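Residue numbers (full-length UniProt numbering): 1 to 517.
By construction, the Cβ of each residue, glycine as well, lies at the ideal position given by its N, Cα and C atoms.
The structure displayed is predicted, hence computed values, not measured ones.
First up is the structure itself, then whatever we jot down about it.
Here it is as structure tokens:
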């Protein structure tokens with residue numbers, strides 16, 4: 001956590017900074033808010049209609065959606081130039097991804113038990129459809145469900161909804177009380193883009209949140225790269241497209257209409273699969289490479305941070321409201337005076353240099369540590385990688401119940417345990433695919449500095465397919481339980497998978513070990 005110096009004693013009034021907004025009453029940002037000004041909004045309302053409240057050019061006054069509260073669960077820090085769709089997807093995955101996977105697992109377990117008992121109408125198709133639809137429904141509407149129980153409702157701060165827009169005086173009071181909103185927030189979520197730490201308010205919000213007025217210097221900060229959830233979803237779509245075609249492959253195998261066996265069927269399935277996977281995987285590699293290149297520039301951006309050069313909307317409008325022509329408060333003036341109060345023992349403009357040093361040295365290290373290597377959070381990878389395996393499980397159970405024959409080249413029918421062993425390759429390949437989609441982006445980012453982006457993406461696309469095939473073929477062969485000698489091969493491939501994840505998320509494992517001690 002950032003080591004802050006003790007809060008200085010309040011300073012005498014500071015002469016307002018000269019500028020077009022001099023006519024507007026100015027002061028520093030207050031750390032305390034009157035109870036009637038502290039407002040929050042339920043997260044489900046914040047996300048409604050696919051995040052319409054994140055729309056930059058919206059003139060709607062939705063202040064009435066917010067309500068008075070004693071505390072705020074999550075303060076949402078974002079910039080208005082970023083797409084509403086990207087920010088909404090980021091929040092949906094962050095808050096709803098794991099609950100959606102857990103709900104899908106519960107429904108899958110219930111329907112599979114009914115399937116085994118022969119009491120499920122529609123058979124395995126019903127179980128698979130229920131699994132996928134449950135995930136989709138909870139992913140989109142979990143916060144709406146939580147809001148039905150007041151104690152479970154997640155309260156967030158979104159500036160447009162929690163600061164009055166209809167009354168200029170109330171709006172100014174809300175802006176001046178922003179530090180108070182931060183002090184009453186339990187968590188800070190930063191929806192990070194390359195613009196985040198070029199914006200005056202975004203940088204100030206992080207610094208203020210980590211400044212322990214109340215002695216609490218350990219409040220959680222979560223930095224969510226807006227591009228990352230989209231990359232995870234593209235990987236999930238590519239993975240789902242593959243296993244959806246595998247549903248078709250198993251159905252064709254069950255009916256025996258092909259009249260061909262072994263490798264030709266796998267080749268045919270791969271031929272049908274190609275167009276589906278190509279778009280999702282190439283898009284994921286392209287935007288993932290861009291994301292890593294942007295992250296690589298972040299350290300230099302923060303090393304050269306200057307609050308004097310940071311951007312804010314009011315200065316862009318020359319401190320005049322674009323619609324009414326009325327003078328508006330200078331945000332830069334408010335922040336500067338607040339920083340001068342923080343560093344009251346420093347003369348002249350040196351307090352701005354002190355804040356610049358804070359961002360360049362302490363906040364930079366904090367942010368880079370939070371972002372890490374750029375790998376998506378392990379909990380989200382596990383959640384999204386389990387959806388397709390869960391959807392396929394009912395079909396494998398159906399094949400096992402009816403003692404159907406696999407393309408193993410043998411004339412005997414398979415028993416239940418043999419189909420279970422065969423199924424284990426599905427979650428393993430899904431997890432490897434998610435690891436691969438993230439891990440090889442560092443290669444494409446390196447190549448993109450030496451060749452064109454298209455060439456770098458093409459190289460990594462071929463590499464991904466090759467590595468996927470290298471992992472899949474041994475595991476697939478070993479999963480056909482013909483002879484006991486195949487067991488070591490399957491065990492070795494699972495060991496490789498565990499090792500890859502342990503290395504990729506070694507920082508997470510170290511933290512778990514340190515907490516355990």
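Identity of the residues DSSP links to residue i by a beta bridge
i           : result
residue 76  : 189
residue 41  : 156
residue 311 : 199
Reduced DSSP category for residue i - H, G, I as helix; E, B as strand; rest coil
i           : result
residue 504 : helix
residue 68  : strand
residue 224 : strand
residue 211 : coil
residue 449 : coil
residue 374 : coil
residue 274 : helix
residue 149 : coil
residue 514 : helix
residue 455 : helix
residue 362 : helix
residue 396 : helix
residue 177 : coil
residue 184 : coil
residue 239 : helix
residue 163 : coil
residue 473 : helix
residue 498 : helix
residue 465 : helix
residue 341 : helix
residue 388 : helix
residue 333 : helix
residue 300 : helix
residue 144 : helix
residue 402 : coil
For residue j and residue i, the rounded distance between their alpha carbons
i           : j           : result
residue 511 : residue 505 : 10 Å
residue 119 : residue 286 : 47 Å
residue 116 : residue 397 : 7 Å
residue 85  : residue 365 : 29 Å
residue 361 : residue 299 : 10 Å
residue 203 : residue 197 : 5 Å
residue 399 : residue 419 : 7 Å
residue 38  : residue 137 : 32 Å
residue 290 : residue 277 : 20 Å
residue 341 : residue 334 : 11 Å
residue 49  : residue 161 : 15 Å
residue 283 : residue 234 : 8 Å
residue 459 : residue 236 : 21 Å
residue 210 : residue 296 : 24 Å
residue 357 : residue 207 : 12 Å
residue 222 : residue 188 : 6 Å
residue 32  : residue 109 : 50 Å
residue 192 : residue 224 : 6 Å
residue 339 : residue 182 : 15 Å
residue 376 : residue 336 : 36 Å
residue 351 : residue 79  : 25 Å
residue 501 : residue 343 : 45 Å
residue 407 : residue 98  : With a pLDDT of 48 at residue 407, under the threshold of 50, the predicted position of this residue should be treated as unreliable, and no value is reported.
residue 218 : residue 355 : 20 Å
residue 314 : residue 329 : 7 Å
residue 35  : residue 66  : 14 Å
residue 180 : residue 370 : 25 Å
residue 230 : residue 90  : 7 Å
residue 489 : residue 45  : 51 Å
residue 390 : residue 382 : 12 Å
residue 492 : residue 190 : 40 Å
residue 96  : residue 143 : 7 Å
residue 373 : residue 55  : 30 Å
(request) Jot down the residue ranges of each uninterrupted alpha helix (DSSP H) in the segment 69-131, minimum 4 residues, whole runs only, in chain order. (result) 84-116
(request) Give a yes or no on contact between the segment 136-151 and the segment 96-112, applying the rule of three or more CB pairs nearer than 8 Å. (result) yes
(request) Take every Cβ of the segment 72-83, pair it with every Cβ of the segment 148-158, and state whether three or more of those distances are shorter than 8 Å. (result) yes
(request) Please list the segments of the alpha helix (DSSP H) lying wholly inside the segment 415-442, counting only runs of 4 or more residues, in order along the chain. (result) Segments of the alpha helix (DSSP H) lying fully in the segment 415-442: 416-423, 425-439.
(message) For the segment 456-471 against the segment 439-446, do three or more pairs of beta-carbon atoms, one drawn from each stretch, fall closer than 8 Å, so that the two count as touching?
(response) yes
(request) May I ask you to verify whether the segment 234-243 touches the segment 303-314, counting CB pairs closer than 8 Å and requiring at least 3? (result) no
(request) Please determine if the segment 450-458 and the segment 426-434 are in contact, where contact requires at least 3 C-beta pairs separated by less than 8 Å. (result) no
(request) Report yes or no: do three or more beta-carbon pairs, one from the segment 120-136 and one from the segment 165-183, lie closer than 8 Å? (result) Here the segment 120-136 makes no contact with the segment 165-183; the two share fewer than three CB pairs at distances below 8 Å.
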